[in-house]
Amino acid sequence: MPSAAATKVTAVPNDLEAYWLPFTPNRAFKASPRLIARAKDMYYYTPDGRAVLDGTAGLWCTNAGHNRDSIVAAIRTQAETLDYAPAFQFSHPKAFELASRVAVLAPGDLDHVFFCNSGSEAVDTALKIALAFHNVRGEGTRTRLIGRERGYHGVGFGGISVGGIVNNRKFFGSLLAGVDHLPATYSREHQAFSKGEPEWGAHLADDLERIVALHDASTIAAVIVEPMAGSTGVLPAPKGYLQRLRALCDRHGILLILDEVITGFGRLGYSFAAERYGIVPDMITFAKGITSGTVPMGGVIVRKGVYDAFMRGPEHMVELFHGYTYSAHPLACAAGLAALDLYRDEALFERARKLEPYWADAAMRLKGLPNVLDIRCVGLTAGIDLASRPDAVGRRAYEAMEHAFRSENLVIRINAETIAITPPLIVTESEIDQIFAKVANAIRAVA
Ligand SMILES: Cc1ncc(COP(=O)(O)O)c(C=O)c1O
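Residues -18 to 428 in the numbering used here are what the sequence shown spells out, letter by letter.
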């Protein structure tokens, strides 16, 4: 339960106009704002001190729970010690320490880490590394990038080009040239109410053969997919799908990039989902959970062979013309190291794995509620599809989110007509029961 000390009142802004909120209906928000002033562990607190259960780990990022003392202390100490060091031509010790710690968590020979500041930057970085990798190896014809329908890879031009969400693409011109897409892995007809990875759908990976036949492998640089498509509604990979995609990429000399911005750092019960599926991709993108959401950070983990391909030519020359002012920012590195310590000391990834059956049972009990068309879950994630109101796609889920926040004291995430629940990994069985009871109430309230 929330402690009394955590309910201190914080000032409410008197003008909401200047701030343009991202991925938010601004006019509706400003007419009826949902403000959060403080947080601790599993709870948010509104400016008037109301405790609200976090059903979404922020935006799938605060995996260790909110305002954990050791992470807060690490950030504070770092700010007092070294606020910033140039990221180009200079560095600082914690950047190397964090890279080593991340590399150890990754499977196989994924042993080098390039840091950036977000998932979007991680995706653009990985796509650029893929193109440059083929270039430096003398296979510069490999320029095509293959994404997937219903994929989300952030909002950079690279990410929206390989992504498969129409609203994220259609307003922004012609995007990157030479991109193709695999089909989405979701079929309600074949997969409805599956717990974990659905039985149906591994064969959809074979569509890569069609794309290869159309463009020729010699023009394709990389395939990028999420192990579980989060932002389009929690779409777990079908059984065997990722293994098949790995084999096909190997056959055709195509790099496989797993976008683990959501699935990294315990969400599916492992350091990375690659381990859950027993595959070694050529690159893993990460962000969010690396600092448990406390300081912006992202990165790309690359296999030894990819890194080594760049380590040639005169030693005083830059090998990869890419980087960010805030790559491996000292505050982010300090937060990352403290977050990794917490994950290890509290065995939070294993905790997620152990809780998964309980979580899945609790999620599936919502089957049969009014307008529930499908429920999907994998790791500590659940997606619940609702039927749309006539001529108002997304309205029912929006009302459910409003009801959950204002009347059930629960934060949920919505995407179109899907409710997504993805709590911090410190969630208890009793909090899981509370979360799904509150979600059930919200679904009934918008029947
Ligand atoms: C799979 C995936 N890739 C990339 C991103 C983009 O991350 P960011 O919002 O940090 O740029 C997200 C964000 O949710 C994501 O889920």
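The beta carbon of each residue, even a glycine, is placed where N, CA and C say it ideally should be.
| query | result |
| --- | --- |
| For the region 96 to 105 and the region 287 to 295, state whether three or more C-beta atom pairs, one from each stretch, are separated by less than 8 Å. | no |
| Which residues in the same chain as VAL281 place their Cβ atom closer than 6 Å to its Cβ, once the five residues preceding and following it in sequence are excluded? | PHE95, ALA103, THR106, ALA107, MET264, THR266 |
| Among residues of its own chain, excluding the 5 on either side of GLY121, which ones have a beta-carbon nearer than 8 Å to its beta-carbon? | HIS115 |
| Identify every run of the beta strand (DSSP E) within the region 58 to 112, keeping only runs that are complete inside it and at least 3 residues long; order them along the chain. | 91 to 97 |
| Taking C-beta to C-beta, are ILE400 and ILE424 nearer than 9 Å? | yes |
| Is TRP340 buried or exposed, if buried means 16 or more other CB atoms sit within 10 Å of its CB? | buried |
| Under 8 Å from any heavy atom of ligand 1, does the C-beta of GLY140 make it? | yes |
| By Cβ distance below 8 Å, which residues in the same chain neighbour LEU156 in space, the five residues on each side in sequence not counted? | PHE138, ILE141, SER142, ARG150 |
| Could you give the first and the last residue of the continuous alpha helix (DSSP H) run that contains ASP322? | 311 to 326 |
| Kindly indicate if chain D contains any beta-carbon less than 9 Å away from that of ASN422. | This model lacks chain D altogether, as it is built from one protein chain only. |
| Within the chosen definition, does the region 13 to 32 reach the region 268 to 283 through at least 3 CB pairs nearer than 8 Å? | no |
| Hey, ARG49 and ALA313: beta-carbon distance below 9 Å or not? | no |
| What is the residue span of the beta strand (DSSP E) that ALA173 lies within? | It is not in any beta strand (DSSP E) - ALA173 carries neither H nor E in the DSSP assignment. |
| Assuming ALA430 and ALA309 make a contact with CB atoms under 8 Å, what is their CB distance in whole Å? | Residue 430 falls outside the range modelled here, since the chain spans only -18 to 428, and no answer is possible. |
| Could you tell me if SER175 is buried or exposed, where buried requires 16 or more neighbouring beta carbons within 10 angstroms of its beta carbon? | buried |
| Compare the beta carbon distance of VAL53 and GLY135 with 9 Å and say whether it is the shorter of the two. | no |
| Secondary structure at THR200, three-state DSSP: helix, strand or coil? | helix |
| Excluding sequence positions up to five away, which residues of its chain have a Cβ less than 7 Å from the Cβ of ASN7? | TRP1 |
| If you draw a straight line from the C-alpha of VAL359 to the C-alpha of PRO404, how long is it? | 13 Å |
| Check ALA(-15) in the structure and name its three-state DSSP category. | Low per-residue confidence applies at ALA(-15): pLDDT is 46, beneath 50, and the placement is therefore not dependable, though the value from the model is reported in the following sentence. It is helical. |
| Nearest to GLU180 by alpha carbon, out of GLU190, VAL299, ALA218? | ALA218 |
| Give me the residue from TYR258, PHE77, LEU329, ASN396 with the minimum Cα distance to ARG225. | TYR258 |
| Run through DSSP, which three-state label would HIS303 get? | coil |
| Helix, strand or coil for MET382 per DSSP? | helix |
| Measuring alpha carbon to alpha carbon, tell me which residue in PHE291, VAL392, SER369, GLU296 is nearest VAL117. | PHE291 |
| Quick one: residues in its chain with C-beta nearer than 8 Å to the C-beta of VAL33, no 5 flanking neighbours on either side, listed in chain order? | ILE17, TYR24, TYR25, TYR26, THR27, PHE386, ASN390, LEU391, VAL392 |
| Under 8 Å from any heavy atom of ligand 1, does the C-beta of ALA268 make it? | yes |
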